[in-house]
Amino acid sequence: MALNIGGSANLKNYVKYNAKADKWFVRGADGEDAEIQRPTFVADFDNIATGWLRFREGQAPERVMDASIDKAAPLPGEGFKRGFVVMAYSPKFFGGAVELASASIHMSNAIKEVYAQYEADKAAHAGKLPVIACTGSQAMKDRYGTNYRPTLAIAKWVDRPAELPSVSPIAAADLWQGSAAPSAPSKTTAQHVPPPVAKAAADPLAEAVF
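Next comes the structure, spelled out in structure tokens:
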């Protein structure tokens with residue numbers, strides 16, 4: 003039996019949204035985070051995963067993921083927040099396929115809303131994946147001050163890229179295996195307030211931009 007110690011050099015590249023600064027960053031092959039413009043990308047919503055995530059400064063994120071998106075795992079401990087993990091693809095913005103994960107309430111709500119659009123329309127686009135465009139943001143006032151929620155919408159549907167295989171974005175070890183009753187996620191009330199400075203957004207359909 004192999005020892006469950008050490009690490010792997012094959013870490014996934016990722017894209018992340020900083021809700022406090024309203025900025026997007028991608029980690030590339032050099033292992034450094036680079037700021038990017040508002041992206042347009044293919045989202046593998048067929049395999050999106052939900053669950054509990056905990057991010058700590060200078061540490062790898064911890065995950066206890068739901069066995070399925072319709073059955074929440076119980077709260078595993080202090081500091082965990084509800085979130086998601088999904089693979090995204092954009093040669094232009096991400097350099098290929100990357101992981102998008104967040105436990106930000108504002109990012110999660112943006113994904114939840116565009117996922118509802120995906121569910122409503124996917125029957126009419128069998129075998130295809132949605133192209134998601136970030137066209138702007140909304141300033142949101144909550145107990146942590148002003149944060150931002152990205153404005154996401156389905157721009158079109160495309161065939162699954164070869165670089166985006168239909169597999170789960172999480173490891174089996176991150177799935178909740180217990181049988182305890184799920185804990186109810188804590189709720190944070192957020193109010194929409196006008197952004198202090200309007201940011202210009204490019205038309206996502208003006209060119210092929212993913």
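Here this note's numbering is used: the first residue of the sequence shown is 3, the next is one more, and so on. Virtual Cβ for every residue (Gly too), placed ideally from N, Cα, C.
The way I'd put it, the stretch 154-167 does touch the stretch 82-91; three or more beta-carbon pairs between them come closer than 8 Å. When DSSP states are grouped into helix, strand and coil, Asp68 belongs to the coil group. The continuous stretches of beta strand (DSSP E) do not include Glu121, which lies in the alpha helix (DSSP H) extending over residues 107-123.
Per DSSP, Trp159 is one residue of the beta strand (DSSP E) stretching across 147-161. Boundaries for Glu34: no beta strand (DSSP E) harbours it, and the DSSP string shows neither H nor E there.
For Ala90, the enclosing beta strand (DSSP E) has its first and last residue at 83-92. The beta-carbon separation of Ala105 and Leu55, rounded to 4 Å, stays under the 8 Å limit for a contact. Excluding sequence positions up to five before and after His127, its CB lies within less than 8 Å of the CB of Trp159, all in the same chain and listed in chain order.
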